[in-house]
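Numbering (the UniProt record's numbering), first residue to last: 1 to 393. Even for Gly, the Cβ is constructed at its ideal location relative to N, Cα and C. Here is the structure we will look at, set down as structure tokens.
Written as structure tokens, this is what we have:
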């Protein structure tokens, strides 16, 4: 009993840290992009700093078994178990064609998604951006239907959940726009166009990251070959498969999350470097020549990069310790906390319509997660049918 309470307390503490760090990270990002509105520059810094912190964690884990054992399997490279099939001697996984081809799509998603997300954050309130992110289930279902990735039955519960999510987001965004226009003394047609463009960027970022989630499900799955079928059914990261003849079999090798984080960050940095040099570097260079390096809020950049990395590490820790449904609900609550904190920090009175939109959003997301849980349990109890090669004779 005492062990269970300790486990519950540990998970609750992790979630609270996740919520607090995410809320602070959103506020710091908004502050940076308000005083220094260069989204590509911020993205480049995040890529470089994330790769540096991930590499530092790998170095520490290589030299400390205690540090390595604190993280779930698949988070760090396997350094200390010689009998493990993924044991490696080197601190870092060597770059290969397979590694680069694996992370290239994710790096593109990260680069483009960060750009649109940071642009949106610089133009519209944080609550608007965070609430639009909760539309990802709607987008994922649409993309799965469009590309026939997964079969989704539109029963009453699914339709009701999606309707509540869409209506809740629309209510929050509409009310945020009204409040933002009222407090902006320079509200005019130009500011309305800017707000519309910010909303469009937020939607674009959400669509890009939803697409990344669909692709990344296979890349980030780190399961043993004898994993239970229920784990595969309820995992948010289904097995990546490759075709071998007429059979579809699991890919035999998976990279740990820190290795993927390092390579995604490095490739993303390289992909966005050209755009940064042509669009924003002249601005940064001119500011530094006129005012010195102090004109750039470096302390905020380092705080933002650290929070960005810690969010990912806590998410990996939670994924390794709780069920997928529990993690999904915790992630929903994180988004709601970010929206609520952004309203409180803004110092403006929260309207009834904003609260109604928030409640509709929570209710819709909860229904959607319940549907996912039911669907995964049903798929678990169904027999597996493997297609066999046809007899040539």
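Of the residues 139, 137 and 120, the one placed nearest residue 194, counting alpha carbons only: The option with the nearest alpha carbon to residue 194 is 120.
Are the stretch 335 to 350 and the stretch 125 to 133 touching, with three or more C-beta to C-beta distances below 8 Å? Because the criterion of three Cβ pairs below 8 Å is met, the stretch 335 to 350 and the stretch 125 to 133 touch.
Can you give the Cα-Cα distance for residue 307 and residue 24, rounded to whole angstroms? Between the C-alpha atoms of residue 307 and residue 24 there is a straight-line separation of about 8 Å.
Please report the distance separating the alpha-carbon of residue 213 from that of residue 298. Between residue 213 and residue 298, the C-alpha separation is close to 31 Å.
Provide the residue span of the alpha helix (DSSP H) that contains residue 414, from first to last. The question about residue 414 has no answer here: the residues shown for the chain are numbered 1 through 393.
My output table needs one value for residue 110: the three-state DSSP class, helix, strand or coil. Helix, per DSSP.
Apart from the five residues just before and just after residue 300, which ones in its own chain have a Cβ nearer than 7 Å to its Cβ? So the qualifying residues of the chain are 28, 31 and 32.
Flag this pair as yes or no: are the beta carbons of residue 113 and residue 205 separated by less than 8 Å? The answer is yes: Cβ separation under 8 Å.
Could you work out which residue in 155, 62, 322 and 102 is closest to residue 263 when comparing CA atoms only? Its Cα nearest to that of residue 263, the residue 102 stands out among 155, 62, 322 and 102.
Could you have a look at residue 255 and say whether DSSP puts it in helix, strand or coil? Coil at residue 255, not helix or strand.
Pick out whichever of 285, 342, 211 and 37 has its Cα sitting closest to the Cα of residue 147. Taking each of 285, 342, 211 and 37 in turn and checking the Cα distance to residue 147, the smallest one comes out for 211.
Kindly indicate which three-state DSSP category residue 79 falls into: helix, strand or coil? Coil, per DSSP.
Close-in-space but distant-in-sequence residues of the same chain around residue 12 (CB under 6 Å, 5 per side omitted): Excluding residues within five positions, none has a Cβ falling inside 6 Å.
To the nearest angstrom, how far is it from the Cα of residue 227 to the Cα of residue 318? With a pLDDT of 40 at residue 227, under the threshold of 50, the modelled position of this residue cannot be trusted; read the value that follows with caution. Distance between the alpha carbons of residue 227 and residue 318: 19 Å.
Taking the beta carbon of residue 159 as the centre, do at least 16 other beta carbons fall within 10 Å, making it buried, or is it exposed? Looking at its Cβ environment, which holds fewer than 16 other Cβ atoms inside 10 Å, residue 159 is exposed.
Apart from the five residues on each side of it in sequence, which residues of its chain come closer than 7 Å, Cβ to Cβ, to residue 35? Within the same chain, and ignoring the five residues on either side of residue 35 in sequence, the residues whose Cβ sits closer than 7 Å to its Cβ are 297.
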